[in-house]
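Residue numbers (the working numbering), protein chains in the order written: chain A, 1 to 520; chain B, 521 to 1210.
From the three backbone atoms N, C-alpha and C, an ideal C-beta is built for every residue, glycine too.
Computed from a prediction, not measured in an experiment: that's the story for all the values here.
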Amino acid sequence: MEYALLQAVFLPLLLSPLVYYLGRKVGPNAATWFSFGILLYCTILIIVAALNGTYEEHYPWTELFGEFGFLLDGLAAPFAIIIYVLATILALYSKPYMVHKFKENFHELYQSKTGGGSAGQTTAIVESSALTEYVNKQSGIYFALFLVFSMGMLGTVLATNLIEFYIFFEVMLVPAFFLIAFWGDGPRRRIALMFFLWTHVGAVILLLGFLTIGLSIGSFDFADIKESEIPSDVVLLAAVAILIGLGVKLAAFMFHIWLPYAHASAPTPISALLSPAMIGIGAYAIFRLIIEFLPGQYEVLAIWIHIWGLATMFYGGAMALMQDDIKRMFAYSSISQMGYLLFGIGSFSVLGLAGAEMMYVTHGLGKGLLFMTAGVLILQVGSRKISQLGGLAGKMPITAVCAVIGALTIMGIPPTSGFMGEWTLFYGALETALEEGSTLRAVAFGLGLVATVLTMAYILWMLKRVFFGKLPENLSDVKDGSWYMLAPMMVLAGFTIVVGIYPDIFFNKIIPYMSGVLGG
Amino acid sequence: MATEFMGLDVSAISAWTIWILPFLAAVIIPAVGKGSKKATGYVAVGLALASALFATSLLPGALEAQEVHDQIPWISSIGLKAGVLADPLAVIMANVVGWISFLILVYSIGYMKGDKDIVRFWFWMMFFIGSMQLIVLSDNLLQLFFGWEGVGLASYALIGFWYRDKAQHHVGKEGYSTLGIMEYYSPTHAGMKAFIMTKVGDIMMLAGMFLIFAYAGTFGFKELIGDTAWATTMSAEGLLVPAAVLLFGGALGKSAQFPLNEWLLEAMTGPTAVSALIHAATMVKAGVFLVARLGPLFFALGAAGILADQFFEIIAWVGAITALLLATQAVVNPEIKKVLAYSTGSQIGYMMMALGIAGLSQQFVDGYTAGFYHLISHAMFKASLFMAAGSLLHVVGSRFMTDMGGLRKQMKKTYAFMWAAGLALMGAPFITTGFWSKDAIFAAVYESGNTWALPIFVIAILTAVITAFYTTRMIGMVFFGKKSKHIEKMESEGNHIHEAPMLMWVPYGILAVLTIGIGIIGLSAEEGIHELFTEYLENSFGIYSVLPEVDESMLPGFLSGLNPIALGSSLIAFSVGFGLGYIFYIGRWVDPVKFVNSNLFFYALHKVMLNRWYLNAIIYWVFVIAPLWLARGIWRYFERTAIDMGMNVGLERTIGWSAKVVQASQTGIAQSYLFVFGAGLLFIVLILLI
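Structural data, given as structure tokens:
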């Protein structure tokens, strides 16, 4: 098992040129299955490594920054597993969706070149060979970027050094930018730029916090930071800078406006990766950097994080109610769910924190499923406006079942994993309220529970308008998606139920870590 | 005590099997459905029967007040275990649920024949039953909550079963609105309403569970009663009653008690078999069961000086208010299934009333037995009534009673069975289960000696009068009088009105006969349960019943154990209600429409009751329309303007503007560069000099 994590992080990066070459020369099928193979292998590596408790690797790096290491502990393991499981199955899911998108782009391009019209047999033949070439090339680029994006996310949650963390943090932004700019919907370049600017500004603020810590203690290594005393005059400043930087990443209330644009525009497999996996990394960083390394500051900030989370829960939920674009609605729902994470992080109790991390897992599964549903709808129905859909359950039963399971996961209804996240999270909030005798926290707990009803309302209303009710006449020929899309969804749906019934899969890792952090 | 087989505890395995089997059926049904849709029904019925038989196998032990408790590790990182607790309460309940749902499933084979989504139907029915049995047999609150949300989910799926929202599956009258709220609901709307409204109860329940877990560190029922130190601490901090009341909030939602009662009506959009299941065996009974599960716990704490009287007072009052509120609405509704739905809510109110009053009296077991006995008898007659109503719908093709009438000749069996079950609902004296169970409730309320006993007793009697009246009205409107225009039209088109097929009438026939059969021996049946519960409460909770004072009974013979005032009131209530109903709807000596319109008071009362006391409309205004309006305001004037315009467009403009400034300065004219350079140099020199 040596170099397991090194492989898991760098194999996708190193092989991405090969994927590009394969895609270009052979076609999208080869690129898909090769990417899938790489990611599957890496996922297995991570899972096996995670089975043996805490696992770390260290490699020499520069004098200036310290060590280059990977740490797979109780905190990082669930994040790492969810990121790669999602990436692996989304590689398969991407194929039909992206090929469709490439063709769409090609026709756009072709029509603008030839000025529409002038159809003839020769042009048709030329067009078809040009199309194949175009699709091959695009799929090569797509899967290469996809792999780099995935490894960037994984590297972030495994990093053991602030600079290393920052590098990976930025590495995931760049491919995400290109993925949106190349294959997004609507004004994609503008939106990609906006996404990049927002998250980059967040990252820079984060970097300021890192530099404050690193320069004041003279090391960027996590191990050193944990052990040294940071001068008290700068530490709160650093904590706030980190929190704001991560707040942008999490799209917390007031820093959220980039998210509905980016997630609605991004090609759907990327939305399904951005929305649950990427933005939640902000929560990972709060766990690692603030709760673990700056516990004193966490104590001060916890209640504010708690309230910030509550506001985000309500705000995202209320805005989700107003959306007609299904992906935009899920994007607002993600904001609301990130509110749950912040709420749990601010709860200041072992189970509350564990619940917050479980919410990351469960949001990854649930929102992943919902975005994949949206992708099937876009591909099979050709519309993403909720008002134009309806009664589709009979036409696409498997998608509908997966969507309902995803919806239940987001609503926190047992036996899906959502319930396991939610009850621990809210219990943790109540526990602290009782311990501190804090009325504010007790009220926040009550309101938090009310927010779950809001969540339920917008999700059920969406299901009703998309899958139930009368079928519009123009949709009578709609068919279910291809197995490339359905099989990954079924895997996720099964996974969420397994975790919901037997949460120890993740709790066994999370809870010891959280009690170590809070108890210590 | 425990039967061993190859080292395994047979009764424990049976207890697990009771709830696992229906889930297993749910899992295999879609697979079976791939091969043959028809076979799914037989798989469902077969496994439901097996599950019921396992429940029955535990009955002999339970009747001797034995209990089976078995645990396995579950969320070991928090030290939580999963388990089954098959004590007499759970076993009796499991039998009621198992057998009644088995009969309903048999009925469904006939009722749902030819539906193209039949596989989905069986899947959810089995999921429903499994969830209910999970509630009944769980040994801790968290596991119970799985079943609790499971029944919520199954009800959502089944109420909205006909998700294509065709007009014939709606409830309510098209175009009729109350305070601007349209009282006409599609199945998908109704399912959503049920799920969200019960969820409001569920979050209260979660809060209550968490409060108790925070102090006790366990969700287990046995552990909670085993060491009551937690209750002492909670009571000292004033949190015991709030926690108990919050838990009761869950029951409010599931059992459709005031103020969370409004979902129950719309739940009638589901297939009638589903309504029967929801109303007789699962879902609404879950709330009563929860109170029956937790009531003794909170009462037993009284022995240690920790009183939870307010908790029981709230239960009793909620029950009383719901009983009356919903009974009044049943009187005026024209849809047969809605009348039955109101009646269910009202009867559940009786059960809650009895369980609440139990905790307020010296003799806990009296009210407790009365409430639970009423649950059993209600399960039988209500299942029978719903299935019979389903047959009527099936035959007549309309949900309105005004579209029926004079059916007693064509549908003789249904007519007879509906009378039998209807008499039980009315509490017809001496021969129906409903009479004995209702009488037990009256007696328990009357004898409790609580401050509130008298007003609650009066409400209970008043409700009994109304119940007898609306049941008579229902039977009168359906079976007596002239044929409606709708039926005449049907017959003129050559559709002959006929009895429902055998597969359908046999199940409700069995239940109707049982209602009378058990009714004849009703008093001794009740005494049997009373004795059993006395022992159970002693063994499990240490609640000892006070020996009744031996006084000279005023009643002769077999009635000697009964309270004469309760009995008398019950008889009077039945006669008045039935008599009035007879005058209006069977004898038809007075036309009810003319009667109501003759007098402003009756007209207004009729209007208020028909408009559901305006509760539904108010709930929609406050909890649906107002929040949506608020969200729209925030969306338009904050998210779109302040945030989006301010942050994105504003930022973009600022950057664009500053770019223009910078661009403008890059003129390419060397003189101006030199000028600026010189000015800058001068500035720096000046600063240095100063």
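Cutoff 8 Å: residue i Cβ touching any chain A Cβ
i	result
E694 of chain B	no
D659 of chain B	no
A1151 of chain B	yes
G680 of chain B	yes
F768 of chain B	no
S719 of chain B	One detail in the question is off: residue 719 of chain B reads as Lys in this sequence, not Ser. Chain A, which has a Cβ nearer than 8 Å to the Cβ of K719 of chain B, makes this yes.
I723 of chain B	yes
L1148 of chain B	yes
T864 of chain B	no
E669 of chain B	yes
M712 of chain B	yes
Burial state of residue i (16 or more Cβ within 10 Å)
i	result
R441 of chain A	buried
M521 of chain B	In this prediction, M521 of chain B has a pLDDT of 43, which is less than 50 and means its spatial position is unreliable; what the coordinates show is noted afterwards. Exposed, by the Cβ-count rule.
H363 of chain A	buried
S531 of chain B	buried
Y3 of chain A	exposed
H256 of chain A	buried
P78 of chain A	buried
T922 of chain B	exposed
W682 of chain B	buried
I549 of chain B	buried
L1206 of chain B	exposed
L1208 of chain B	exposed
V1110 of chain B	exposed
I230 of chain A	buried
Contact belief for residue i with residue j at Cβ below 8 Å, rounded distance in angstroms
i	j	result
G390 of chain A	V478 of chain A	No, G390 of chain A and V478 of chain A are not in contact; Cβ-Cβ is about 11 Å, not under 8 Å.
A570 of chain B	L541 of chain B	6 Å
I242 of chain A	S228 of chain A	In fact, because the Cβ distance is near 17 Å, the residues do not count as touching under 8 Å.
A80 of chain A	I46 of chain A	5 Å
8 Å Cβ cutoff, residue i in contact with chain B
i	result
Y427 of chain A	yes
D504 of chain A	yes
M358 of chain A	no
M153 of chain A	no
S490 of chain A	Reading off the sequence, residue 490 of chain A comes out as Met, not Ser. No, no contact with chain B.
Within chain B, the residues that residue i reaches when beta carbons sit closer than 9 Å
i	result
G391 of chain A	Y683, R684, D685
W423 of chain A	L662, F665, L726, M729, F730
Per-residue contacts from residue i into chain A (C-beta, under 8 Å)
i	result
M1167 of chain B	I257
A734 of chain B	Y427, L430, E431, L434
L673 of chain B	L408, I413
I716 of chain B	V453, M456, A457, L460
W1155 of chain B	A318, M319, M322
T1211 of chain B	With chain B represented from 521 up to 1210, any question about residue 1211 of chain B goes unanswered, as that position is not in the structure.
Cross-chain neighbours of residue i in chain B, by beta carbon under 8 Å
i	result
F507 of chain A	I595, S597, I598
I511 of chain A	S597, I598
R98 of chain A	Note on residue identity: the sequence assigns Met, not Arg, to residue 98 of chain A. The contacting residues do not exist; M98 of chain A stays about 28 Å from chain B at best.
Neighbour list for residue i in chain B, Cβ cutoff strictly below 7 Å
i	result
L449 of chain A	I723, L726, A727
M396 of chain A	Neighbours of M396 of chain A on chain B: none; closest Cβ ~13 Å, over 7 Å.
Under 9 Å by beta carbon: chain A residues contacting residue i
i	result
I1163 of chain B	M254, H256, I257
Contacts of residue i in chain A (Cβ-Cβ under 7 Å)
i	result
E1159 of chain B	M319
M1022 of chain B	Under the 7 Å cutoff, chain A gives no residues; its nearest Cβ is about 32 Å from M1022 of chain B.
Where in the segment 1088-1154 of chain B do unbroken runs of the alpha helix (DSSP H), each at least 4 residues long, occur, reported from the N-terminal end onward? Look at the segment 1088-1154 of chain B and you find these whole runs of alpha helix (DSSP H), each 4 residues long or longer: 1112-1117, 1120-1130, 1135-1140, 1146-1154.
If we require 4 or more residues per run, which alpha helix (DSSP H) segments fall completely within the segment 188-225 of chain A? Listed in chain order, the complete alpha helix (DSSP H) runs (minimum 4 residues) inside the segment 188-225 of chain A are 188-217.
Of all the beta strand (DSSP E) runs that stay within the bounds of the segment 133-192 of chain A, which reach a length of 3 or more residues? Fully contained in the segment 133-192 of chain A is no beta strand (DSSP E) run of length 3 or more.
Going along the chain, which unbroken runs of the alpha helix (DSSP H) with 4 or more residues stay wholly within the segment 735-760 of chain B? 741-746, 749-756, all fully within the segment 735-760 of chain B.
Quick one: complete alpha helix (DSSP H) runs, 4+ long, within the segment 640-707 of chain B? Those alpha helix (DSSP H) runs which fall completely within the segment 640-707 of chain B and span 4+ residues are 661-679.
Kindly provide the ranges of any alpha helix (DSSP H) runs that are 4 or more residues long and lie completely inside the segment 874-936 of chain B, ordered along the chain. List check, alpha helix (DSSP H) in window: 884-916.
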